[in-house]
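> Residues 6 to 366 in this note's numbering are what the sequence shown spells out, letter by letter.
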Amino acid sequence: MTSPATITAAPTAGASAEPAGLDDATAELLAGSLREVLAEGGDLAAALAELGWAEVLADDPARATTLLFTEHGRALAHSRVLDDVLLAELAPALPAATGPRALLYPLHSDHPADPGGPLTGLLLGPLDGIAEVVVPTVLDAGDTAGEPDATGLAGLAGGVTLRILPAELVAAAAQPVRGFDTTAGWLTVSAAPAGPAGPATPAGDAWTRAVAAGRRALAAEITGGCEAALAIAVAHTSARVQYGRSIATFQAVRHRLAEAHVAVESLRSELTVAWGSAGHADGGAWAARLVKLRAGFAQAEVMRHAVQVCGAMGLSLESELHRFVARTAALDLLLGDHRTLAEQLGTELLGGAELEPVVAI
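1. If I follow the unbroken alpha helix (DSSP H) through residue 44, where does it start and stop?
2. Please classify residue 220: does DSSP put it in a helix, a strand, or coil?
3. Closest to residue 330 by CA distance: which of 30, 233 and 246 is it?
4. To the nearest angstrom, report how far apart residue 227 and residue 55 are at their CA atoms.
5. What does the Cβ neighbour count give for residue 126, buried or exposed, with the cut at 16 atoms within 10 Å?
6. Hey, how far is the Cα of residue 175 from the Cα of residue 80?
7. Considering only DSSP beta bridges, list what residue 179 is partnered with.
8. Exposed or buried, residue 38, counting other C-beta atoms within 10 Å across all chains shown (16 or more means buried)?
9. Quick one, are the C-beta atoms of residue 71 and residue 290 less than 7 Å apart?
10. Assess, as a yes-or-no matter, whether the segment 102-115 is touched by the segment 135-145 under the definition of 3 or more beta carbon pairs within less than 8 Å.
11. Pull up the DSSP beta-bridge partners for residue 127, would you.
12. Tell me which residue opens and which closes the alpha helix (DSSP H) that residue 87 is part of.
13. Which residue's Cα is closest to the Cα of residue 266: 231, 95 and 26?
14. Are residue 117 and residue 141 closer than 7 Å when you measure CB to CB?
15. Please identify the residue among 111, 82 and 260 whose C-alpha is closest to the C-alpha of residue 186.
16. Can you tell me whether residue 310 is buried or exposed, with buried defined as 16 or more other CB within 10 angstroms of its CB?
17. With the cut-off set at 7 Å, would you say residue 87 and residue 222 are in Cβ contact?
18. For residue 285, is the classification buried or exposed, using 16 other Cβ atoms within 10 angstroms of its Cβ as the cut-off for buried?
19. Residue 296 and residue 264 - do their beta-carbons sit closer together than 7 Å?
20. Between which two residues does the alpha helix (DSSP H) holding residue 66 run?
21. Looking at the unbroken beta strand (DSSP E) that takes in residue 142, where does it start and where does it end?
22. Rounded C-beta distance between residue 3 and residue 344? I'm assuming under 8 Å.
23. Report the CB separation of residue 347 from residue 272 in whole angstroms; it is logged as a contact under 8 Å.
24. Where do the ends of the alpha helix (DSSP H) carrying residue 350 lie?
Spelled out as structure tokens, the structure:
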């Protein structure tokens, strides 16, 4: 395994005090190390610590985050790295932790839980070893439904509050997600009592920044899943022979694979652009929404083409393709699916919202 020293970019003589970022060679080495770590399984947090991940992330957060989540998606890994991304942004608005935390994601992606109703949401894994669950809820939900806030999440004009629930309380109401890749370990929560819980803390801009950061990370993870699915489709069509030649040479197949490749590459480019506005006060919420929307469209297009060229094999348990179809579709639903985001953005643009963020992407 690569040591931390080999993946930390060293400053050159006369360089400024600003982080130089990861060069291409270092990024490639880091990607290889991440593939090894994810292939081995085990405790991802411990493995990342051994890689000196905190230093890498501080040096180049955009590229490091994109690398981690792309490899996470390619490996069909299951972990709480997305929780880490959002909780890092929410930390200034939260009281000191009493132990490891998890985040309860809105079950209906654009509506955090109603503090006056039963608790519902999604957990990205079991709560073993987790002490607290952070629950975003709508602030004065009965009076604020309607207009979206900067995150684009409808009903949040009055803001979001953050509540802390004991993990054991939430775990008692958690059930495995059905009809999905069981290795992911995702859980749904419903009907958990509202208390006992700590006081509700207004999230303020922290929630907007957290959602933006999460959307960029999800776009990268979807990119990795799409890349892996496309690789499966290319391998299958290259090996499959009909009429005496590889079906990858057939024009219709080549067109589908080319369209899938364009979808992946355009998503990768848009993610790079979205990271350019991450330093804004709102965390680059507009651009993050757009790239999450594009990621949803990309996964739908890539998976459609991949399944088509693989035929019945792509839908069988013998092929890994069906797992990427299910995983990327599920990732699309987190923090706003592409159809919902497209409707929200269209409504805002028709209402006179500034066009410049759209043009910038």
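For each residue, glycine too, the CB sits at the ideal point set by N, CA and C.
Once the coordinates are examined:
1. That run of the alpha helix (DSSP H) goes 29-45.
2. Note: residue 220 maps to helix in three-state DSSP.
3. Residue 233 is the option with its Cα nearest to residue 330.
4. Going by C-alpha positions, residue 227 is about 26 Å away from residue 55.
5. Classification for residue 126: buried.
6. If you take the alpha carbons of residue 175 and residue 80, they lie about 29 Å apart.
7. DSSP, once it has assigned bridges, lists 194 as partnering residue 179.
8. Counting Cβ neighbours within 10 Å, residue 38 comes out buried, since at least 16 surround it.
9. Between residue 71 and residue 290, the gap from beta carbon to beta carbon reaches 7 Å or more.
10. Look at the beta carbons and you see the segment 135-145 touching the segment 102-115: at least three pairs across the two are nearer than 8 Å.
11. Under DSSP, residue 127 shares a beta bridge with 110 and 193.
12. Per DSSP, the unbroken alpha helix (DSSP H) holding residue 87 starts and ends at 86-95.
13. Ranked by how close their Cα comes to the Cα of residue 266, the residues 231, 95 and 26 have 231 in first place.
14. For the pair residue 117 and residue 141, the CB atoms are nearer than the 7 Å cut-off.
15. Out of 111, 82 and 260, 82 has the C-alpha closest to the C-alpha of residue 186.
16. By the neighbour-count rule (16 or more Cβ atoms within 10 Å), residue 310 is buried.
17. A Cβ-Cβ contact shorter than 7 Å links residue 87 with residue 222.
18. Residue 285 is exposed by the Cβ-count criterion.
19. A distance of 7 Å or more separates the beta carbons of residue 264 and residue 296.
20. Start and end: 66-79.
21. Looking at the DSSP string, the run of the beta strand (DSSP E) that includes residue 142 is 137-143.
22. No answer is possible for residue 3: it lies beyond the span of the chain, which begins at 6 and ends at 366.
23. So it is not a contact: roughly 15 Å between Cβ atoms.
24. Element bounds for residue 350: 343-355.
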